[in-house]
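Colleague: Sharing a structure here in structure tokens format.
Residue numbers (the numbering used here): 106 to 297.
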């Protein structure tokens with residue numbers, strides 16, 4: 106197992122992500138590109154993107170794969186940055202691994218229970234859509250004036266669905282009556 110990638114942890118033994126069983130995180134045949142536990146600050150986002158670019162170039166990935174990977178990473182990491190809630194900003198996790206056939210990404214953070222439930226539903230709907238439907242839905246939302254500075258229209262999720270290999274997998278683990286830990290698993294494969 107190669108773990109030469111960027112690793113930043115914030116008390117990870119007690120981290121909420123331990124409650125989400127992700128089998129590929131513990132596989133022998135994988136390379137950790139980056140692993141981050143804690144708040145997603147703008148500087149951290151840039152470091153993680155640089156690590157991903159360095160790894161993708163070193164792996165000899167083509168431009169198409171790098172573009173898909175970066176679309177997914179930017180949307181996911183920015184969502185973590187924008188939607189982290191106090192007092193749980195430390196709950197964030199972002200892990201990118203290369204399994205040889207492509208990349209696996211785990212993104213997660215604490216959310217209000219209702220927001221986590223809504224995201225689980227939205228991801229389920231997006232997983233059922235064909236590419237043509239995803240594109241049409243994306244264009245409709247793009248024309249919608251209901252977006253805010255923090256997003257909110259769902260364009261990022263649709264972009265991740267379009268650029269990744271289906272299905273996106275979701276986990277929602279209740280923390281207490283108000284808060285859930287939401288995690289999203291995404292694959293960006295070389296064969297796609």
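C-beta: ideal position from N, C-alpha, C; glycine also. Note that the coordinates shown come from a computational prediction; the quantities given were computed from them, not determined experimentally.
1) For residue 142, name the three-state secondary structure that DSSP assigns.
2) Do residue 293 and residue 177 have their C-beta atoms within less than 9 angstroms of each other?
3) Is the segment 265–279 touching the segment 214–229, taking contact as three or more C-beta pairs under 8 angstroms?
4) Tell me which residue opens and which closes the alpha helix (DSSP H) that residue 271 is part of.
5) To the nearest angstrom, how far is it from the Cα of residue 208 to the Cα of residue 283?
6) If you compare alpha carbons, which of 196, 164, 171 is closest to residue 146?
7) Does the separation of the CB atoms of residue 201 and residue 138 fall below 9 angstroms?
8) Going by beta-carbon coordinates alone, are residue 228 and residue 182 separated by less than 9 angstroms?
9) Following the continuous beta strand (DSSP E) through residue 199, name the residue where it begins and the one where it ends.
10) Taking the alpha carbon of residue 127 as the reference point, which residue from 265, 296, 162, 211 has its own alpha carbon closest?
11) I need the boundaries of the alpha helix (DSSP H) containing residue 176, first residue and last residue.
12) Select from 230, 173, 270 the residue whose C-alpha is nearest the C-alpha of residue 291.
13) Rank 150, 135, 234 by C-alpha distance to the C-alpha of residue 141 and give the top, closest one.
14) Here's the rule: buried if 16 or more other CB atoms are within 10 angstroms of the residue's CB, otherwise exposed. What is residue 235?
15) Grouping DSSP H, G and I as helix and E and B as strand, with all else coil, what is residue 290?
16) CB-CB under 8 angstroms to residue 206, same chain, minus the five flanking residues each way: which ones, in chain order?
Modeller: Reading off the structure:
1) Along the chain shown, one-based indexing puts residue 142 at 37. It is a strand residue.
2) Taking the chain shown and counting its residues from 1, one reaches residue 293 at position 188. Taking the chain shown and counting its residues from 1, one reaches residue 177 at position 72. For residue 293 and residue 177, yes; Cβs fall inside 9 angstroms.
3) Taking 8 angstroms as the limit for Cβ pairs, the verdict is that the segment 214–229 does touch the segment 265–279.
4) Taking the chain shown and counting its residues from 1, the one referred to as residue 271 is at position 166. No alpha helix (DSSP H) holds residue 271; the beta strand (DSSP E) holding it covers 270–279.
5) To locate residue 208, count along the chain shown from 1; it is residue 103. To locate residue 283, count along the chain shown from 1; it is residue 178. For the pair residue 208 and residue 283, the Cα-to-Cα distance works out to about 33 angstroms.
6) Looking up residue 146 in the chain shown gives position 41. That would be 196, whose Cα lies nearest to the Cα of residue 146.
7) By one-based count along the chain shown, residue 201 stands at place 96. By one-based count along the chain shown, residue 138 stands at place 33. Yes, the pair counts as a contact, with Cβ atoms nearer than the cut-off.
8) What you label residue 228 is simply residue 123 of the chain shown in a count that begins at 1. What you label residue 182 is simply residue 77 of the chain shown in a count that begins at 1. The criterion of a C-beta distance shorter than 9 angstroms is not satisfied by residue 228 and residue 182.
9) As a first step, residue 199 is located in the chain shown; it is residue number 94 there, counting from the start. 198–203 is the extent of the beta strand (DSSP E) around residue 199.
10) Translated into positions along the chain shown, residue 127 becomes position 22. If we check each option's Cα against that of residue 127, 211 comes out closest.
11) For the purposes of this step, residue 176 is taken as residue 71 along the chain shown, with counting starting at 1. Boundaries of the alpha helix (DSSP H) around residue 176: 168–188.
12) Position 186 of the chain shown holds residue 291. The candidate whose alpha carbon is nearest that of residue 291 is 270.
13) Here residue 141 refers to the residue found at position 36 of the chain shown. Nearest C-alpha to residue 141: 150.
14) Working through the chain shown from its first residue, we reach residue 235 at position 130. Residue 235 counts as exposed, since fewer than 16 other beta carbons sit within 10 angstroms of its beta carbon.
15) Indexing the chain shown from 1 puts residue 290 at position 185. Residue state, collapsed to three classes: strand.
16) Residue mapping note: residue 206 aligns to position 101 of the chain shown, counting from 1. Closer than 8 angstroms at the Cβ level, and outside the excluded window around residue 206, lie 294, 295, 296.
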